Amino acid sequence: MPLPSRVASSCREEPLVVQGRNTRLPDLYEVFDHPKHPSNNPGRSIVIKYDTRPIAMKDQKQFEESLEVPLGQREELKAQGLFELRPGDYVFCRPGLENTDPRDDITIGWVVGPEKHSQKCKHALDEATDSALGPKETRTATEVPLERGAERVGEGRCYNIAISVELPTGCIAPQAAMKPSGNCEQFHKLCRVLSTAIAKISMEDMDLAPVDLQDLIRTRTEMLGLPRVGTHGNYAFQTIQCNIAAAGGLASLAAQLASFGEAHFDDKDCPGHTTNMQVASQLPEGWDPGYFHLVGLGVFVALDKHTSFNFQGNRRHGASGPFPPPGTDLSSIPAWAYRFTLISYPPSRMCNQKCRYRVAATPSSEPIFLAPEMQNPEYDPSKVTSTTVGSANFFRDGHHFMDNKSHVEFAIQSLYRQTHYLLKQLPAHLGVQRLSTSNFFNDITYLNEEGERVAVEAWEWAPPLGGEEEDVSWNDGGRSYRSATARAESAVGGPSSTSRAEGTPRDTARQSTASGSIVRVNAEASTSTNPGPSRKRCWVEIQTPRFLLDKRRLEAEAIRQGERAPKRLRTTGSYTANHGGKGSLGKAAMGEDEWISSASSDDDLETAKGGKGKGGTKGKGKGVVKRQRTKASKGKGKESKNTQSEVLASQGFVFRLMNFSDASHVHAELNKLLAGAQTIPTDMAVDVEEYDDRYEGTTSMIESDPLSLNTVRAVFDMKQGSDAIYAMVQQSEYANRQHHKRYALAKLRTWKWLRSIREAACVLIKKGKASLRNEKSWLGRLVLQLIYAHESSERYPTISSGAVGFHVPPEMPVDFIYDNRMAWRAFGHVLQNMDEPVADAVVEAVRTWMRWDLLKDVKLGWFVEIVEEQLGDAALTMDYVWSIVASFRSSDVSLGAPPARSGYKYERDTKLFRETLTDHPIMDTTSHEGHLYRQYRDFLNGDLSPEELHIEELDGSWNQYADMWRKALEYTRDPDQVTDDKFIQLLQGDADFYLPIREKAPSRVRSRSELGPYRAEVITTPAGIFSAVVWRAITYRSEFSKNHSMTFESSEALAALVRSITEANPTAAAKQNSKGNTYFCDRKAYGQPTRRSMDLHPLYWDSIQQKVWSKFVHANPKPTFSAAIKYFQEDKGHPLKGEPTVVEMAQAIVELDAGAIAGLRALKFLTRTWPATRGAKVEAVVEALGAIIQEKMTDTFTEQEMEEAGFDLLSLEHSLCKFSRALRLNVLSKDI
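Heads up: the sequence shown at position 295 corresponds to 295 in the UniProt record's numbering, and the numbers run straight through without jumps.
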């Protein structure tokens, strides 16, 4: 309700002075007599004012993202300038720094003490907690009863006990464990008790919320009809999460709660609502219960039992503790001690109608959804027109042959039957009844043929729901009809469709023999059905699992019905468009990872693709990431920023192969191959020789006659055979490697065959329709039908594989429903330039009939071809290559434009990958990687014996590391000296690449000179930051950076300088236009080639313009290492101020996972086995760095030497990278 205008003047506010508070945390004000503070929960009103300018908001958000959970206890937290909230305190946020009106305040959170919770609710919660955690004497620190049935959220001990949100599909449903199963009864009872207790005590907190917030949430829940969890009085919280952590005495909860134990945002909570946290911990006497923090606001709450905190979950938050008394032996902590917090929250998708509810099931157990369009009364069903829906239906189209009364009557009776069926799925103990059916019909009116408004007449035979009379009249009428039908049937001499046994599939009743028709036949339902020709047995036969047969059956039915994919089948409404709408069926029929079926709005599309929607299960869901197309730039022939960013982001997979191809991985592959060769199996489960013979035969058939049906069958069988080979990969190491190669090569040959089909189709298209009418091959018939389809106005023509003579096992025809995107242009004239769309449609049809994942197989074919072409097929046997092939997804390699729109841009989309692999050290016969790989290849092929192998150790020694440092100092004292030392000669040739003393590298010295950007008066300006980023990310080690100025006022100034150099210097122009653009940008400046390019500097300049550089620098005279990295992260360049701590440096080393890791492993400070979690990796690196600094360096070098070298953590990390490089070249001495 509105607040009176006089409240602003009656309030008084005072700033709160908090000693030691971080200056970037917001200021706090205490407001007295705040109008929104409820009188029944007295306490302080804390107001936080914020700057509403977008730049300031973004700056504050980035600062908040850098904060972690403070791990201290109360006094330590207060010493850090953090403010403790007490029971009765309310926190409000006020937009505008100068705003003094409390009516504008937004409720951020409030604390409710134990005394405000009723004794009844506290007792119920304690009993539910005992049930969830189990009796104290039976508890263990690793599992409690609740964990044996609940659905885990994320990776920690966090569990959903009510409603879950499926991120990829936007589907809302009871969590999976709520389904009936053999041992679920006890868990279901526990959920009921626990959810009821949590909901009731949580709503006691909501009763203490500001009145305007209560009204807002209650109205929204009632308006949308949201499900009420636990108790009908719960209008505020739609699901519940239980966080369970054994009291182990550690301050951090990350080990048990994973991401929920760290600082995090619950971005999928509804911002307009609040999250409720109840504390039901059971701890020994004297323990500190721990604390909950809103880290971005610098406030915290003590987690005493039965205390609760209500807060905005979209703010960064986290908790710590509990803490044992000082001196407690951690091994003596009782196993029954647990931290137990109960989180009730509102998923954003439910509150914003961006979800679909799985409400019930069809008779065939397919889910029935309540789609977003059905929930929104403003949605206009007239959008479902004939241009967007391919199938006729009674509701929309019945008026063409029915009068008004018949049409409305049938529609309402159908709706009643569906309602009746769904209501009967409710549990019997609810006793739902509808004894009178008249109102259902009489309440609906319509216009009759005369234009008069009349009510629908009651349906005499409408079956009531529940009660003794529910089925009596219906059964009586049914028996009479069946009896009369049986008498009539005796005169016919055969059974009619109405006398089939109940449950027999309708599809078995009738079968069409026309090859061009859509045949719906259940071949297993009747032995009298014509089975068709028998299938030749695959030469490598494995039994098809039942689930795969079911999946294929659903896929086939989905394609016939024009639906999306088996997991997305729907019967009551559609969350996204069916084969109508903006999307195309060709895309919709593909796999889940390929295309996103179009939604009715942009918001729906966001939900459909599982992207950055605001709903979903709490935590880091593992939704499938799906690829989006970006619209072409409207600029002058240049790519848009989005397109460039997409290309940069999508190439990560290409470089995964490059990173794995380093010396350490190839070395490990060679050692594993040597070990595996000792156990080559003599008896294999599959006749590999027969497979190889067939493979060679199929390859010859593809090359000689790719269009014959024999080749089609052979290719299909080869694919089946390769899948069978895939099932055998658990055999011995040596044999597995050969299977890996066979599988990969089969994928390659399959793709090449598909490409040849497209090329052949292009040839046939050019012949024209007259010639094609005499064409007898299946491809010619398919091409002709597709040409006719393009010339027609039909949007979704159907082409049966049987109609064109395309037969693959099983022999039952498969329908390809083609999305004719050109249909709207085909009115009154013949289309031109149909070559590309028809050829693409040929591939799409073959893919559908062969049941292939087109996008994935095409990309995998490209990958295998390039690897085989560059390295030979031996590379396909290596484990790290196999890991890429086996886990290959449609989104792994950038494809470019969709194939249906622009064809397969093979040269364009493989150029980068091919060039990158060509430049890799593994291709160089003189490199360490190249030498190891060639030994691997020759040993695999039998050209080398184990005795002839020379596997060099990659490990270095501390003596070599010390030798590198001392020779580096010797070089810096006299760079031009005459020497025979190999390492000094290496430095004289390229000190930037090999010198371990970071600050004395020539380019680094130049960057701090009058020509460079690292001068104090320059580096704090946008131009200085831009110049530093350009140097580190583009021009480093290039001739340009060595011979020209390193500072640029803007992107335009840099572009002008490049133009002037290329115009005046022919040599520079030639190198600029050569492969690699070597004059201005060395793509191998840091070792392996990357996507460094002079073309990227406009993106960097745009980013600079969007940042508040001066504000950051002046507000932080000496920011920490981590703060600077996080602030500059988006630009991938880190001009640093301030020295890093050991932990910060370890975090950076782990994040980069590059040369420093290799150096630590070579020095044996790290093992080859890498810990599983990021935290454990950081701890290992911290320990290694500490050992080097505290023990090795001080024992090896004098203080004068370390001072001369400028030794610090940055130079240590730098030197470890250089050490791993120098080791490969064998230029360091092992003796001192």
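Beta carbons: idealized from backbone N, C-alpha and C, even for Gly.
For clarity, every value in this text was computed on a predicted model and none was experimentally measured.
Taking residue i and residue j to be in contact with their CB atoms under 8 angstroms, please state how far apart those CB atoms are, rounded to whole angstroms.
i                  : j                 : result
methionine 206     : glutamine 214     : 6 angstroms
isoleucine 198     : glutamine 278     : 6 angstroms
phenylalanine 1207 : isoleucine 1188   : Not quite, the Cβ-Cβ distance comes to about 10 angstroms (not below 8 angstroms), so this is no contact.
phenylalanine 311  : phenylalanine 300 : Incorrect: roughly 11 angstroms between the Cβ atoms, too far for contact.
glutamate 880      : histidine 665     : Position check: residue 880 holds tyrosine in this sequence, whereas glutamate was assumed. Yes, tyrosine 880 and histidine 665 are in contact; Cβ-Cβ is about 6 angstroms, under 8 angstroms.
serine 756         : proline 837       : The Cβ separation is near 19 angstroms, so there is no contact.
threonine 341      : asparagine 276    : Their Cβ separation, rounded to whole angstroms, is 11 angstroms, which puts threonine 341 and asparagine 276 out of contact at 8 angstroms.
To which residues does DSSP link residue i through a beta bridge?
i                 : result
tryptophan 751    : According to DSSP, tryptophan 751 bridges with nothing at all.
glutamine 241     : Asn160 and Ile343
arginine 94       : Lys49
methionine 277    : Phe309 and Ile343
cysteine 171      : Glu166 and Arg356
glycine 109       : Val91 and Phe311
glutamate 14      : Glu30
glutamine 282     : Tyr338
isoleucine 817    : Thr798
arginine 453      : Leu447
glutamate 84      : Phe300
alanine 246       : Tyr338
phenylalanine 323 : Asp288
histidine 264     : His317
Can you have a look at residue i and say buried or exposed, based on whether 16 or more other CB atoms are within 10 angstroms of its CB?
i              : result
asparagine 234 : buried
glutamine 1105 : exposed
lysine 1000    : buried
asparagine 352 : buried
aspartate 329  : exposed
Tell me whether residue i sits in a helix, a strand or coil according to DSSP, three-state version.
i                 : result
leucine 447       : strand
histidine 293     : strand
phenylalanine 441 : helix
leucine 1225      : helix
leucine 303       : coil
threonine 153     : Here the sequence assigns valine to residue 153, which means threonine is not the residue at that position. If DSSP states are grouped into helix, strand and coil, valine 153 belongs with coil.
lysine 1075       : Its pLDDT being 48, under 50, lysine 1075 is placed unreliably by the model, and the measurement read from it follows with that caveat. Lysine 1075 falls in the coil class under three-state DSSP.
histidine 1044    : coil
tyrosine 1014     : coil
proline 367       : strand
serine 195        : helix
residue 1234      : Past the boundaries of the shown model lies residue 1234; the chain is included only from 1 to 1232, so the question cannot be answered.
leucine 949       : coil
histidine 317     : strand
arginine 434      : strand
alanine 361       : strand
aspartate 981     : coil
aspartate 269     : strand
glycine 20        : coil
For residue i, I'd like the list of residues in its chain whose CB is within less than 7 angstroms of its CB, leaving aside the five on either flank, ordered along the chain.
i              : result
methionine 850 : Phe716 and Val808
alanine 789    : Pro797, Tyr818 and Asn820
tyrosine 961   : Leu1163 and Phe1219
glycine 20     : Ala79, Gln80 and Gly81
lysine 405     : Asn448
alanine 1222   : Met964, Phe983, Tyr994 and Leu1228
If you drop the 5 nearest sequence neighbours on each side, which residues of the same chain put their C-beta closer than 6 angstroms to that of residue i?
i           : result
serine 722  : Tyr743 and Ala746
alanine 714 : Thr698 and Met701
leucine 784 : Leu772
cysteine 93 : Ile48, Ile106 and Ile108
Can you list, in chain order, the residues of its chain whose CB lies under 8 angstroms from that of residue i, leaving out five sequence neighbours each side?
i             : result
aspartate 835 : Cys762, Ile765 and Lys766
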